[in-house]
Amino acid sequence: MCGKGLLIFLALWITGGRRPYARWLSIALFLGWGAVLGLILFLLAGPEPGNQLFLFSAVLVALWSGLMLAAAVVVARQSFRAWRTGAELSARLEHSQVRLRMNGGLTLKGGSAGLPFCLNTLLALYYARPEAARRSWIWHRFFRKMRSEAESWAGTGVITGDGYLTPVVIEPKLRACLKHDRIRQILTPRQRDASKQTVDHLAETLTVAVEREAKSSHLGMQLGFAAEKPRLRAHGCRHVAHTMMALGGFADKWHRRLTTSGLALTRSIQSISAWYWNPIIGRIAGRM
-14 MCGKGLLIFL ALWITGGRRP YARWLSIALF LGWGAVLGLI LFLLAGPEPG NQLFLFSAVL
46 VALWSGLMLA AAVVVARQSF RAWRTGAELS ARLEHSQVRL RMNGGLTLKG GSAGLPFCLN
106 TLLALYYARP EAARRSWIWH RFFRKMRSEA ESWAGTGVIT GDGYLTPVVI EPKLRACLKH
166 DRIRQILTPR QRDASKQTVD HLAETLTVAV EREAKSSHLG MQLGFAAEKP RLRAHGCRHV
226 AHTMMALGGF ADKWHRRLTT SGLALTRSIQ SISAWYWNPI IGRIAGRM
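Now the structure itself:
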């Protein structure tokens, strides 16, 4: 919560995670990056700016610097709050007792329940002291989404000492989730037999089996029968940090594309700056 695992999560969140932006700010940032792109295209493919080249370049650099500064401030602020809150929760866990209870006479075999127990331990920490998580937008969103959507999620995986997930026997667990009406999402280790194609194949097999069973129970009657295909989405995760991204709904394709575009635009600005300043520096050096 305040070590390597949180650093991995923050890296994932920075590169492609949802930000706590207000709607107007998101629109303003989008328009700002659009203006940066427009200026770059104008300087590269537009008419010769002549004496206004310095003005256009200065506006471009100033606009880009403002956008990068705004993004850096938000990332630094939220990362610091997440780290501080994680350290507080980690200290509380070290000085507390975690009690696990399994009803119905169940027996735990193997380590595939390590991921659910890990996530439930985090949720228990939140229930014990919810005010601590409110200081961090990241932790508050994670716990709020996890608490409100817990019934529709399932998880399986063996957790190593450094937080990575190792493969498990997955097919029986997928079948059990497909038969459960409320479960729509499952967290699994990233392995080949937990792919979307495998889940769709198991869902199709289960649907066919249900149809055959229904038809065999009504041999003397002509009935129309339609079975809805079970819906289940598997989230392949390499680390517990990936499960936090999925549970908290942090993954955002728009922000990932925006980050990639921002890096590409930054590279373009560097090229334009070098194209503009290198001749000037060369003339100054020649005079000296």
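Residue numbers (my numbering): -14 to 273.
C-beta atoms are modelled at their ideal positions from N, C-alpha and C, and glycine is treated no differently.
If you're wondering where the values come from, they're calculated on a predicted model, not measured in any experiment.
The Cβ neighbour count for glutamate 116, taken over all protein chains shown within 10 Å, is under 16; the residue is labelled exposed.
Comparing alpha carbon positions, the residue from Ser64, Val184 and Met131 closest to tyrosine 111 is Met131. Taking 7 Å as the cut-off, the Cβ atoms of arginine 86 and phenylalanine 235 do not count as close. Note on alanine 118: 16 or more other CB atoms within 10 angstroms of its CB, so buried under the neighbour-count rule. Separation of leucine 52 and phenylalanine 41 (C-alpha to C-alpha, rounded to the nearest whole angstrom) is 17 Å. With a threshold of 16 other beta carbon atoms within 10 Å, leucine 217 meets it and is buried. Every unbroken stretch of the alpha helix (DSSP H) spanning 4 or more residues and falling wholly within the segment 132 to 190 is given here in chain order: 156 to 163. Taken in chain order, the complete alpha helix (DSSP H) segments of 4 or more residues contained in the segment 34 to 121 are 38 to 79, 99 to 113 and 115 to 118. A straight line joining the alpha-carbon of glycine 23 with that of leucine 163 spans about 49 Å. One alpha carbon belongs to alanine 56, the other to threonine 192, and they sit about 48 Å apart. Apart from sequence neighbours up to five positions away, the residues of its chain that approach proline 152 with a beta-carbon distance below 7 Å are Pro174 and Gln176, ordered along the chain. With a threshold of 16 other beta carbon atoms within 10 Å, lysine 158 meets it and is buried. Judged by beta-carbon spacing, histidine 240 lies within the 7 Å limit of glycine 1, meaning their Cβ atoms are closer than that value. Alanine 236 carries a strand assignment under DSSP once its states are collapsed to helix, strand and coil.
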